[in-house]
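Data block below; observations after.
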Amino acid sequence: MSEKVYPALPPTPGNEAYWEAAKAGKLLVKWCQDCSKPHHYPRGVCPHCMSTNLEWREAKGTGEIYTYSIMHAAKPAYVVAYVTLDEGVSMMTNIVDVDPGKVKVGQRVKVVFKPSEGGGKLPCFTPV
Amino acid sequence: MSLKGKAYIAGAYEHPIRKAPDKSLAQLHAEVAKGALDDAGLSKSDVDGYFCASGDTPGLGGLSMVDYMGLSLRHIDATDTGGSSYIVHVGHALEAIAAGRCNVALVTLAGRPRSEGMQTGTAPRMGNVQQPDVQFEFPYGPATANMYAMVARRHMHQFGTTSEQLAWVKVAASHHAQHNPHAMLPKVVTVEEVVSSPMVADPLHRLDCCVISDGGGALVITRPEIAKSLKRPRVKVIGVGEATKIQGGGVGLDLTYSAGRDSAKAAFEMAGVTPSDVKYVSIYDSFTITVVMQIEDLGFCEKGQGGKFVADGNLISGVGRLPFNTDGGGLCSNHPGNRGGMTKVIEAVRQARGEAHPKVQVENHDIVLAHGTGGSLATRHVGATVILEGE
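Residue numbers (this note's numbering), protein chains in the order written: chain A, 2 to 129; chain B, 38 to 428.
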């Protein structure tokens, strides 16, 4: 069976770096240089303090599952989840390369990059 | 200045239709408007304020419906907060009436997702590409059902809530729906039937999900003097509240509570009553988990105890402590336009008037409450609460 190719949308202005990094196998997180907090999804204005003094930092790519759901209504079923990265910020993702029945809240996971439309890559996670 | 009691709900109407292949969206809006005005004993020439949600109303911000119905207005408000919009509109109409900006406010909702074959809960909806979250979320396949399922999964993990407890919400709704001749699912179901129905988005089963229906509903809200001149039982708006809940930029993500916590606090403060005074609640029941979480956030039990609270028939009228959704709600009766707030207010009005079905009418109906969420529970939504007094 051929591997799933995820949908992709054209990067909105300011987010090109995130998708370029993903293509190169790196997960970026936006950090605020004024309030020193991370956030996700990435924005051009800090959602904590409204600063525009932001920078991309590479995440370690590890974290744990905050919550998840197995979408049985879809064939094949897929696992949507929120993963909390070790940097302290949570992101929506898919849990992949695992029997969905083995996924658990609190499970340690690491980032893997899956193909998306247009030759890009999408950050997903798999149990460590 | 408190706005408590500065407006009354004078008319309410729910379209009996559940599938409307032969009616346009505009016609459904106009039919429910006529129904609510007839119920109040008013006519369209009395209407000087119109409230609708831009998302279910054809045309720009309500303008097409104003034109279709031939209204002449001095106040218009097309605030769209998803399914909670019409509860928000009750508050906005109260404010507009108190400020002298209108005397008779008309609120309408209509939709026909069933006729349009929409996969309301299971198909990921992309939304506008300008929406800043879309490119970081849509590729992962978030649909309504699995977004709510993730909230349910976390509630189970953190508080020990079980599928059987969630099922009791559906069981209670079905006990009420058996008395509603318009309900899509009037058959009484058991906990076993709910938990053995097919899994849609783990841990939510098919019977944890609301129905998909066409239809609509409308309200007429007026100044107190006008309400008092009419023949219908009077329903006073004594408390309103609205609030937002987001993900905090992903820092400290907490999907165990909703905006209901804040919207209910505001509504109870305005009304000067507490949860123990409430005799009946309408709660937007998009999914069973939605009700469990809202019951906690509205203050009917401690956070995390919602599963235990709803078990063993505690939401069944005449049986439990907190009768809810006595029309059968979205889980059994209807869910017009994928937006449950309107029908929640309408059944609360029926209860406050003493006009619910005799088998489900609560004995003492002096204080009733309607609450809903719009958007996606706990992740990105608006909660709205209204407290009504039957006079």
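We put the beta carbon where it would ideally sit given N, CA and C, even for glycine.
Just so you know, these numbers come straight off a predicted model, no measurement behind them.
Contact criterion: CB-CB distance below 8 Å. Does residue i meet it with respect to chain B?
{"i": "residue 52/A", "result": "no"}
{"i": "residue 99/A", "result": "no"}
{"i": "residue 127/A", "result": "no"}
{"i": "residue 38/A", "result": "yes"}
{"i": "residue 63/A", "result": "no"}
{"i": "residue 44/A", "result": "yes"}
{"i": "residue 123/A", "result": "yes"}
{"i": "residue 10/A", "result": "yes"}
{"i": "residue 74/A", "result": "yes"}
Establish whether the CB of residue i and some CB of chain A are separated by less than 8 Å.
{"i": "residue 190/B", "result": "yes"}
{"i": "residue 178/B", "result": "yes"}
{"i": "residue 236/B", "result": "yes"}
{"i": "residue 290/B", "result": "yes"}
{"i": "residue 375/B", "result": "no"}
{"i": "residue 330/B", "result": "no"}
{"i": "residue 112/B", "result": "no"}
{"i": "residue 76/B", "result": "no"}
{"i": "residue 287/B", "result": "yes"}
{"i": "residue 182/B", "result": "yes"}
{"i": "residue 418/B", "result": "no"}
{"i": "residue 126/B", "result": "no"}
{"i": "residue 155/B", "result": "no"}
{"i": "residue 204/B", "result": "no"}
{"i": "residue 38/B", "result": "no"}
{"i": "residue 430/B", "result": "The first residue shown for chain B is 38 and the last is 428, placing residue 430/B beyond what the model contains."}
{"i": "residue 194/B", "result": "yes"}
Is it right to say residue i is buried, meaning 16 or more other beta carbons lie within 10 angstroms of its own, or is it exposed?
{"i": "residue 276/B", "result": "buried"}
{"i": "residue 427/B", "result": "buried"}
{"i": "residue 360/B", "result": "buried"}
{"i": "residue 102/B", "result": "buried"}
{"i": "residue 161/B", "result": "buried"}
{"i": "residue 398/B", "result": "buried"}
{"i": "residue 287/B", "result": "buried"}
{"i": "residue 335/B", "result": "buried"}
{"i": "residue 38/B", "result": "exposed"}
{"i": "residue 107/B", "result": "exposed"}
{"i": "residue 136/B", "result": "exposed"}
{"i": "residue 50/A", "result": "exposed"}
{"i": "residue 97/B", "result": "exposed"}
Skipping 5 residues on each side, what residues in its chain have a beta carbon closer than 6 Å to that of residue i?
{"i": "residue 94/A", "result": "82, 84, 125 and 126"}
{"i": "residue 368/B", "result": "207, 210, 247 and 322"}
{"i": "residue 417/B", "result": "283"}
{"i": "residue 260/B", "result": "134 and 140"}
{"i": "residue 299/B", "result": "280"}
{"i": "residue 66/B", "result": "102, 145 and 147"}
{"i": "residue 217/B", "result": "364, 365 and 370"}
{"i": "residue 219/B", "result": "53"}
{"i": "residue 353/B", "result": "209 and 212"}
{"i": "residue 223/B", "result": "214 and 215"}
{"i": "residue 238/B", "result": "182, 183 and 186"}
{"i": "residue 12/A", "result": "20"}
{"i": "residue 420/B", "result": "280, 295, 296, 297, 300 and 410"}
Which same chain residues, not among the five before or five after residue i, have their C-beta less than 7 Å away from its C-beta?
{"i": "residue 85/B", "result": "110, 111, 112, 139, 140 and 141"}
{"i": "residue 51/B", "result": "254, 380 and 383"}
{"i": "residue 402/B", "result": "316, 317, 388, 389, 391 and 427"}
{"i": "residue 190/B", "result": "240"}
Between which residues of its own chain and residue i is the CB-CB distance below 8 Å, once the five residues before and five after are set aside?
{"i": "residue 348/B", "result": "201, 202 and 205"}
{"i": "residue 8/A", "result": "117 and 118"}
{"i": "residue 121/A", "result": "9, 20, 23 and 24"}
Counting pairs of Cβ atoms below 8 Å between the stretch 149-161 of chain B and the stretch 54-74 of chain B, do you hit three or more? As far as the Cβ criterion goes, the stretch 149-161 of chain B touches the stretch 54-74 of chain B, which means the pair count is three or higher.
Got a sec: which bits of the stretch 78-96 of chain A sit with their beta carbon under 8 Å from any beta carbon on chain B, in order along the chain? Listed by position, the residues of the stretch 78-96 of chain A near chain B (Cβ gap below 8 Å) are 79, 81, 82, 83, 85, 89, 90, 91, 92, 93, 94 and 95.
Selection of the stretch 160-178 of chain B by Cβ proximity to chain A, strictly under 7 Å: For the stretch 160-178 of chain B, the set of residues with a beta-carbon nearer than 7 Å to any beta-carbon of chain A comprises 166, 169, 170, 171, 172, 173, 174, 175, 176, 177 and 178, in chain order.
Closer than 9 Å, Cβ to any Cβ of chain A: which residues of the stretch 369-398 of chain B, in chain order? Taking 9 Å as the upper bound on Cβ-Cβ separation, chain A lies near no residue of the stretch 369-398 of chain B.
Take every Cβ of the stretch 171-181 of chain B, pair it with every Cβ of the stretch 387-407 of chain B, and state whether three or more of those distances are shorter than 8 Å. No, because fewer than three Cβ pairs between the stretch 171-181 of chain B and the stretch 387-407 of chain B fall closer than 8 Å, the two stretches do not touch.
Taking Cβ-Cβ distances below 7 Å as the criterion, which residues of the stretch 99-116 of chain A are in contact with chain B? Closer than 7 Å at the C-beta level to chain B, one finds these residues of the stretch 99-116 of chain A: 106.
Counting pairs of Cβ atoms below 8 Å between the stretch 57-75 of chain A and the stretch 105-117 of chain A, do you hit three or more? Using a Cβ-Cβ distance cut-off of 8 Å, the stretch 57-75 of chain A and the stretch 105-117 of chain A are in contact, since at least three pairs of beta carbons, one from each stretch, lie closer than that value.
Using a Cβ cut-off of 7 Å, which residues of the stretch 211-244 of chain B contact any Cβ in chain A, in chain order? Result list: 236, 237, 238 and 239.
Contact between the stretch 382-400 of chain B and the stretch 153-169 of chain B: three or more CB pairs below 8 Å? Verdict: no, contact absent.
Closer than 9 Å, Cβ to any Cβ of chain B: which residues of the stretch 12-26 of chain A, in chain order? So the close ones are 12, 13, 16, 19 and 20.
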